[in-house]
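Start counting the sequence shown at -16; every next residue gets the next number (the working numbering). Remarks on the structure that follows.
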Amino acid sequence: MYLSVQLSYYPLADDFKPVVKEVVKRLEATGLEVHPNRMSTQVFGEFDEVMAAL
């Protein structure tokens, strides 16, 4: 089953950008379709692959 997931990652630190970028980088490395934006990131793919990545 193909699905989309929208997630937000909020690190509790002042210097948060590198941490958020690392999360997006790891998601992109899975080969899934990843669309980051200002407040969240959407991930698209087969159910088992998306769940394994998360």
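For every residue, glycine included, the Cβ atom is placed at its ideal position computed from N, Cα and C.
- Here Val33 is buried: its Cβ has 16 or more other Cβ atoms, across all protein chains shown, within 10 Å.
- Looking at the DSSP output, Leu(-14) shares a beta bridge with Gly28.
- Distance check between Ala35 and each of Arg21, Gly14, Phe(-1), Glu5 places Gly14 closest, using alpha-carbon atoms only.
- A direct Cα-to-Cα measurement between Thr24 and Met(-16) gives close to 20 Å.
- Taking the Cα positions, Glu16 is about 29 Å away from Asp(-3).
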